[in-house]
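In what follows, a structure is listed as structure tokens, so that the remarks can point back to it.
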Amino acid sequence: MSSIWLKATLRLVSHPVRGHWGAAQRHASPWLLRRGQSTLSRPLPKGTWDSHMHVVDPARFPLAAHAQYKPQAHTLADAQAFYSRFGIQNMVLVQPSIYGNDNSCMLQALDELTPKHGRAVVGLDPKTIDHETMEKWHAVGVRGARLNLVSVGREVSEDELRAELESYARVLKPFKWVLQLYIPLALAMSLVNIVPGLGVKVCIDHFGSPDLPRHFDPSRTIYPYDMQGFASLVSLLQAGNTWVKLSAPYRLSNDPEMRDLDPVGRELIIKGVNRVVYATDWPHTRFDNIDSVPFIEKCFEWCGGDENAIDRLFRGNAEELWDVAVDT
């Protein structure tokens, strides 16, 4: 099999602001800044899940030595205050790269949430993790492990990616956990060949990380299938064992109204209505003053008034992905 070398940082080179991984917080485009108390045009579905958020507390839980940035503390209490605006009670805590495989901060927050309202995606080394630890984590709501190539700028060949994903799958499969991936979109071409043999659910972060035009021109149509890897991502969704998160638009979009993401978001919902999940990416690490309302409204728009699509995006798909028992 030929090796396809892909740098997770290539996407970032074309976006100098997003590609600067210094300690300072990033300031989002004006359209994302909080504008007073903006409110939603309609309520979110009852039982909505945020499928991707983080808690960090560097003072109580020291960062990994290789941490790419140092954020302020963002605790579970802070998150719940944020969610109160939207009536969201259910969240999936995701291990941020700055903590490496030390999940202590996240697990403490998960313990407070309880499995009724919380799930978590840990960082782990599949070569050293033990079954007993995973059993304990499973009991408190852990349902996945994350492989993050983008945040740390790792490059892999297809053969290396296959070997690493198979290593993860071997330890996740007994627990029916999700393998969560933060990878460049182009790697979806390799995943088409790899995912069917893993035997675990796969979830891809942030729209699959498409590389959108640096300068948005509203007079020119963006055709998502021109993006390397997009057709493969759609194929993965339709195959049924892969999900994608609609999340973190500010890491991708170069337009104040997110119009450059419109073709991507709409197509993912149309072709994978049962395999897309909504997420806030709170607390928007390396960005600040993010207003989540415009993105939620954009998600409503992409659903085109289809109430089933809205319910699947915000609630139903997450319940299936994260193994949530629904009270009847």
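Under the UniProt record's numbering, the first residue of the sequence shown carries the number 1, and numbering increases by one thereafter. Positions of the beta carbon are idealized from the N, C-alpha and C atoms, including for glycine.
Worksheet item: What are the uninterrupted segments assigned as alpha helix (DSSP H) that are 4 or more residues long and contained completely in the stretch 279–323, given in chain order?
Response: 293–302, 307–311, 317–321
Practice prompt. Report the rounded CA-to-CA distance for D50 versus G316, giving the unit in angstroms.
Written response: 12 Å
Item to complete: Check the DSSP bridge columns for Q180 and list the partner residues they point to.
Response: R146, C203
Discussion item. Quick check on V264: buried or exposed, where buried means 16 or more other Cβ atoms within 10 Å of its Cβ?
Written reply: buried
Practice prompt. Kindly list the residues whose CB is nearer than 8 Å to the CB of M189, restricted to its own chain and excluding five residues on each side of it in sequence; keep chain order.
Written response: I4, Q228, G229, S232
Worksheet entry | Nearest candidate by alpha-carbon position, reference A77, set A65, N274, L63, L113 | L113
Discussion item. Tell me the rounded alpha-carbon separation between S151 and E307.
Written reply: 35 Å
Worksheet item: Any idea what DSSP makes of H54, helix, strand or coil?
Response: coil
Item to complete: Would you decide whether V326 is buried or exposed? Buried here means 16 or more other CB atoms lie within 10 Å of its CB.
Response: exposed
Discussion item. Can you confirm whether the stretch 196–214 touches the stretch 153–169 when touching is taken to mean that 3 or more C-beta pairs between the two stretches lie within less than 8 Å?
Written reply: yes
Discussion item. Quick check: the Cα distance between K136 and T221, rounded to an integer number of angstroms?
Written reply: 50 Å
Discussion item. Taking DSSP's pairing of strands, which residues face R119 in a bridge?
Written reply: V92
Worksheet item: Going by DSSP, what residues sit across from residue 329 in a beta bridge?
Response: Look at the range of the chain in this structure, 1 to 328, and you will see that residue 329 is not part of it.
Discussion item. Does S253 pass the burial test, meaning 16 or more other C-beta atoms within 10 Å, or should it be called exposed?
Written reply: buried
Worksheet item: Near A309, which residues of its chain fall below 8 Å by C-beta distance, leaving aside the five closest residues on each side in sequence?
Response: I269, V273, C303
Worksheet item: Going by C-alpha distance, which of L40, P196, R146, A120 is nearest S84?
Response: L40
Worksheet entry | Residue span of the alpha helix (DSSP H) that contains Y83, given as start and end | 76–83
Item to complete: Would you mind sorting T128 into buried or exposed? The rule is 16 or more other CB atoms within 10 Å of its CB.
Response: exposed
Practice prompt. Flag this pair as touching only if the stretch 98–114 and the stretch 56–71 have three or more C-beta atom pairs under 8 Å; answer yes or no.
Written response: yes
Practice prompt. Specify, as a first and last residue, the run of the alpha helix (DSSP H) that D111 falls within.
Written response: 104–113
Worksheet item: Roughly how far, in whole angstroms, is the beta-carbon of M53 from the beta-carbon of M91, given that I think they are within contact range, below 8 Å?
Response: 5 Å
Item to complete: Whole angstroms is fine: what's the gap from G22's alpha carbon to H66's?
Response: Here the model assigns G22 a pLDDT of 29, short of 50, so the residue's position is not dependable, and the following value carries that caveat. Each residue's Cα considered, the two are about 13 Å apart.
Worksheet item: Does DSSP classify V156 as helix, strand or coil?
Response: strand
Worksheet item: Closest to R286 by CA distance: which of G197, S38, E158, A73 is it?
Response: A73
Item to complete: Quick one: using the 10 Å Cβ neighbour count with 16 as the cut-off for buried, is K173 buried or exposed?
Response: exposed
Discussion item. Taking a contact to mean a Cβ-Cβ separation below 9 Å, would you say T242 touches L187 in this structure?
Written reply: no
Worksheet entry | Cutoff 7 Å; reference F175; Cβ partners in own chain excluding five residues on either side | M134, H138
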